[in-house]
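K.L.:
Count the sequence shown with our numbering and you get residues 258 to 399, in order. The structure's right below; bear with me while I get my questions together.
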Amino acid sequence: MTQLLVDGINKVLSASAAGGETRAISESTTEMVVRGPKAAFTESIGVNLALVRRIIKSPDLRTESLKIGCITKTKVNLMYINSVVKEEIIQEMRNRLKEIDIDSILESGYIEQFIEDQTLMPFPTVYNTERPDVVAGNLSEG
258 MTQLLVDGIN
268 KVLSASAAGG
278 ETRAISESTT
288 EMVVRGPKAA
298 FTESIGVNLA
308 LVRRIIKSPD
318 LRTESLKIGC
328 ITKTKVNLMY
338 INSVVKEEII
348 QEMRNRLKEI
358 DIDSILESGY
368 IEQFIEDQTL
378 MPFPTVYNTE
388 RPDVVAGNLS
398 EG
């Protein structure tokens with residue numbers, strides 16, 4: 258419990274400042290690298306956002322947060338570089354994410370089913386990685 262005392266105000270603000278248990282940042286187990294960063298994402302969205310922000314320090318890096326899942330209310334973030342990506346693409350992603358009507362999101366595969374184009378494409382439209390540097394590279398390309 259954290260208590261905040263302000264000089265001149267005779268009230269105390271109390272708030273819980275305890276954080277949940279988080280796994281330490283470790284090396285990627287599925288995408289090995291010889292050179293370069295070896296950090297992998299964790300289960301904590303806050304840690305994961307910080308890992309990407311360490312690489313992309315641009316003020317144009319944007320993050321939009323929303324909750325998906327009627328029961329789980331899973332926090333999902335849409336991340337992009339405003340000066341790189343077209344606004345139409347961002348709006349399309351916002352729409353696809355907002356249209357998801359499901360009880361539970363337990364892992365990213367649930368979301369892929371809803372946002373992926375249903376037509377056959379000669380190149381992948383969804384990419385999975387556990388490495389922040391790969392995400393940063395893809396964001397830089399739009």
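Glycine included, every Cβ here is placed at the ideal spot set by N, Cα and C. It should be emphasised that the depicted structure is a prediction, and the values quoted were computed from it without experimental measurement.
With DSSP as the reference, label M350 as helix, strand or coil.
P.N.:
The answer is helix: DSSP assigns M350 an H, G or I state.
K.L.:
Could you give the residue range of the alpha helix (DSSP H) that holds Q250?
P.N.:
Since the first and last residues shown for the chain are 258 and 399, residue 250 lies out of range.
K.L.:
Identify whether S271 lies in helix, strand or coil by the three-state DSSP scheme.
P.N.:
Strand at S271.
K.L.:
Helix, strand or coil: which one does DSSP assign to L363?
P.N.:
L363 falls in the coil class under three-state DSSP.
K.L.:
Grouping DSSP H, G and I as helix and E and B as strand, with all else coil, what is I302?
P.N.:
Note: I302 maps to helix in three-state DSSP.
K.L.:
Kindly indicate which three-state DSSP category S225 falls into: helix, strand or coil?
P.N.:
Only positions 258 to 399 of the chain appear in the structure, and residue 225 is not among them; the question remains open.
K.L.:
Below 8 Å, how does it come out for the region 350-366 and the region 328-335: are there three or more Cβ pairs, yes or no?
P.N.:
These segments touch.
K.L.:
Taking all protein chains shown into account, decide if P389 is buried (16 or more other Cβ within 10 angstroms of its Cβ) or exposed.
P.N.:
With 16 or more other Cβ atoms within 10 Å, it is buried.
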